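Q: For reference, the structure I am asking about is given below.
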Amino acid sequence: MKILVLNTGSSSVKFQVLDTNTQACLASGLIENIGSENGRLRAKHGDEKIERDFGQIDHKFALDAADKVLNEIGVAKGGYDGIGHRIVSGGEKFTESMLVTDDVVKGIEDCIELAPLHNPSHLVGIREALRLFPTTPQVVVFDTAFHQTMPEHAYMYAVPRKLYDEAHLRRYGAHGTSHRFVSAKTAEMLGRPLSEIAIVTAHLGNGCSCAAVVDGKCMDTTMGLTPLEGLIMGTRSGDIDPSVYSFLNKRYGWDISRINNMLNKDSGLLGISGLSNDMRTLVNASESGHEGAKLAIEMFAYRLAKLIAGMVVALGRKPDAIVFTGGIGENSIPPRMLTIKHLAGLGYKIDDAKNKIHGSATGGVITADDSPIAMIVPTNEELLIALDTEKVINSKK
Ligand code: ADP
């Protein structure tokens with residue numbers, strides 16, 4: 277099938293057209309700065325790069341522009357067999373990918389309070405896609421769905437039960453599409469059935485999370501009610517004492533939204549280093565002696581190792597692999613090295629030569645021969661969305 281995958285965010289739309297037979301990406305692009313004055317489109321089609329700059333744009337304009345470019349480069353010819361939408365939160369309602377119906381749209385609306393920045397934009401994406409492609413089947417793929425197999429003792433918070441019963445306050449996790457894709461790929465790379473392996477997956481991009489996956493099912497994850505919990509990320513603090521809210525309110529008079537903003541946008545690698553949220557910049561700066569960058573990388577790796585060790589508890593047995601993925605996980609050498617060093621207590625030993633070439637000569641493995649396995653497995657969320665879209669469409673035929 278030829279599938280158009282859409283990720284409609286509040287100020288951007290990412291699109292990709294994939295062929296599910298060859299698993300090839302036929303074209304991809306990004307429209308940025310929706311809602312501000314310098315809207316722009318950047319797309320790739322083989323070696324061809326397409327750049328368009330606009331003025332003020334909205335989501336309708338952005339999706340029209342994506343459609344226009346895909347027509348111009350010939351990728352839209354003959355239409356699409358299906359459209360797959362990435363949806364950040366499906367709450368407890370959605371445990372798998374679904375065909376878009378009125379009821380499903382209503383379900384996504386009901387989850388808005390769990391993803392107030394994302395779900396409303398996704399709904400606009402669905403509406404605009406229905407306008408552009410009224411007869412093409414559309415499927416929604418949820419970032420939270422994979423984590424719905426977590427046991428109660430992992431997803432509940434230790435707060436009054438009433439808050440779960442009435443307000444659905446619990447841990448949901450995110451990045452589920454990536455953790456699911458990478459789990460299946462890891463089984464393939466280890467040459468073992470997914471239904472027989474226990475792994476910890478670490479998705480390290482701008483957002484970062486770990487998952488404990490046993491026999492293909494998620495048993496725990498580090499993100500919580502929102503993506504703020506858990507690991508240190510590009511601009512998010514990850515785990516922190518909730519009392520910072522009252523502390524900062526008393527000290528500076530900051531209100532909840534200001535503190536939320538600080539913890540989500542000004543913290544993490546950016547906050548610690550005072551330099552950047554980008555791991556590439558930090559690795560370069562730390563090599564030139566920048567103390568903030570050095571500390572940021574060290575804290576990132578220490579927290580990661582600490583939470584990986586926690587995920588091993590959720591596995592209930594020795595991991596068959598610890599898996600690194602995402603922009604940092606796949607590409608950045610020092611954070612992986614430091615993380616594995618912190619896992620010495622569990623018997624892990626890094627092999628610097630293997631790590632340096634990203635495990636490319638050893639099937640992704642970056643640990644020493646006498647160490648349990650840690651490996652790199654590249655993620656591809658768009659491909660999984662396309663494959664799910666195909667599967668859901670075929671199951672309704
Ligand atoms: P997103 O979560 O937005 O999809 P990515 O998965 O692309 O983001 O991850 C972005 C992070 O990956 C950034 O911190 C970036 O510095 C890092 N990264 C990407 N490529 C490399 C590279 N070649 N070397 C080191 N770090 C990289």
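Under our numbering, the first residue of the sequence shown carries the number 277, and numbering increases by one thereafter. Using N, Cα and C, we set each Cβ at its ideal position, and we do this for glycine too. Nothing here was measured: the structure is a model prediction, and the numbers come from that model.
1. Shorter than 7 angstroms, the distance from the beta carbon of Asp378 to the closest heavy atom of ligand 2, or not?
2. Is it a yes or a no for the region 527-536 touching the region 563-576, going by three-plus beta-carbon pairs under 8 angstroms?
3. Tell me which residue opens and which closes the alpha helix (DSSP H) that Ala629 is part of.
4. Along the chain, where does the alpha helix (DSSP H) that runs through Glu327 open and close?
5. Can you tell me whether Ile508 is helix, strand or coil according to DSSP?
6. With which residues is Leu280 paired in a DSSP beta bridge?
7. Looking at C-alpha atoms only, which residue of Gln424, Glu324 and Gly354 is the closest neighbour of Ser365?
8. Would the beta-carbon of Arg468 be found less than 7 angstroms away from any heavy atom of ligand 1?
9. Measuring from the CB of Arg403, is there a heavy atom of ligand 1 at a distance below 7 angstroms?
10. What distance in whole Å lies between the Cβ atoms of Asp419 and Thr377, which are believed to be in contact at a cut-off of 8 angstroms?
11. What does DSSP give as the partner residues of Phe600 in its beta bridges?
12. Using a Cβ distance threshold of 8 angstroms, determine whether the region 396-409 contacts the region 354-363, with at least three qualifying pairs required.
13. For the alpha helix (DSSP H) containing Glu313, name the first residue and the last one.
14. For Ser304 and Leu619, I'd like the C-alpha separation in whole angstroms.
15. Taking Cβ to Cβ, would you say Ile626 is nearer than 8 angstroms to Ile642?
16. Can you give me the start and stop residues for the beta strand (DSSP E) that Lys493 sits inside?
17. Taking the DSSP output, what are the residues bridged to Ser365?
18. For Gly592, count the other beta carbons within 10 Å of its own beta carbon; 16 or more makes it buried, fewer makes it exposed. Which is it?
19. Considering only C-alpha positions, which residue in the set Val400, Gly602, Leu375 and Ser564 is nearest to Gly481?
20. What residues in its chain sit with their C-beta under 6 angstroms from that of Gln292, if we drop five residues either side in the sequence?
21. Using 8 angstroms as the threshold, is the C-beta distance between Ser288 and Glu313 below it?
22. State the start and end residues of the unbroken alpha helix (DSSP H) segment that holds Glu523.
23. Report whether the distance from the Cβ of Gly568 to the nearest heavy atom of ligand 1 is below 7 angstroms.
A: Answer, in terms of the structure:
1. Absence of ligand 2 is noted for the structure shown, with ligand 1 being the only ligands found.
2. no
3. Along the sequence shown, read from residue 1 onward, the residue named residue 629 stands at position 353. Counting along the chain, the alpha helix (DSSP H) containing Ala629 begins and ends at Asp628 to Lys632.
4. Within the sequence shown, numbered from 1, the residue matching residue 327 stands at position 51. Secondary structure note for Glu327: it is in no alpha helix (DSSP H), and the uninterrupted beta strand (DSSP E) holding it is Glu324 to Asp329.
5. Residue mapping note: residue 508 aligns to position 232 of the sequence shown, counting from 1. In this structure, Ile508 counts as coil in the three-state DSSP scheme.
6. In the sequence shown, counting from the first residue as 1, residue 280 sits at position 4. Val293 and Ile359, per the DSSP bridge assignment.
7. Stepping through the sequence shown from its first residue, residue 365 is reached at position 89. Among Gln424, Glu324 and Gly354, the Cα nearest to that of Ser365 belongs to Gln424.
8. Residue numbering aside, residue 468 sits at position 192 when the sequence shown is read from its first letter. No - ligand 1 has no heavy atom lying nearer than 7 angstroms to the Cβ of Arg468.
9. What you label residue 403 is simply residue 127 of the sequence shown in a count that begins at 1. Every heavy atom of ligand 1 is 7 angstroms or more from the Cβ of Arg403, so no.
10. For this step, residue 377 is matched to residue 101 along the sequence shown. For this step, residue 419 is matched to residue 143 along the sequence shown. Not a contact, Cβ separation roughly 20 angstroms.
11. Along the sequence shown, one-based indexing puts residue 600 at 324. Ala478 and Ile652, per the DSSP bridge assignment.
12. Contact between the region 396-409 and the region 354-363 is present, because at least three Cβ pairs lie under 8 angstroms.
13. Locating residue 313 in the sequence shown gives position 37, counting from the first residue. Per DSSP, Glu313 belongs to no alpha helix (DSSP H) and is neither H nor E.
14. Against the sequence shown, residue 304 aligns to sequence position 28. Against the sequence shown, residue 619 aligns to sequence position 343. Going by the C-alpha atoms only, they are around 38 angstroms apart.
15. Start at 1 with the first residue of the sequence shown, and residue 626 comes out as number 350. Start at 1 with the first residue of the sequence shown, and residue 642 comes out as number 366. Yes, the pair counts as a contact, with Cβ atoms nearer than the cut-off.
16. Residue mapping note: residue 493 aligns to position 217 of the sequence shown, counting from 1. Lys493 -> beta strand (DSSP E) spans Lys493 to Thr497.
17. Translated into positions along the sequence shown, residue 365 becomes position 89. Beta-bridge pairing links Ser365 to no other residue.
18. In the sequence shown, residue 592 corresponds to position 316, counting from 1. By the neighbour-count rule (16 or more Cβ atoms within 10 Å), Gly592 is not buried but exposed.
19. Numbered from 1 along the sequence shown, position 205 holds the residue referred to as residue 481. Comparing Cα positions, the closest option is Gly602.
20. Locating residue 292 in the sequence shown gives position 16, where the first residue counts as 1. The answer, listed in chain order, is Val281, Cys301, Ser304 and Glu658.
21. Position 12 of the sequence shown, counting from 1, holds the residue named residue 288. Position 37 of the sequence shown, counting from 1, holds the residue named residue 313. For Ser288 and Glu313, no; Cβs fall outside 8 angstroms.
22. By 1-based counting over the sequence shown, the position of residue 523 is 247. The question names Glu, but residue 523 is Phe in the sequence shown. Val520 to Tyr528 is the extent of the alpha helix (DSSP H) around Phe523.
23. Working through the sequence shown from its first residue, we reach residue 568 at position 292. No, Cβ of Gly568 sits at least 7 angstroms from all heavy atoms of ligand 1.
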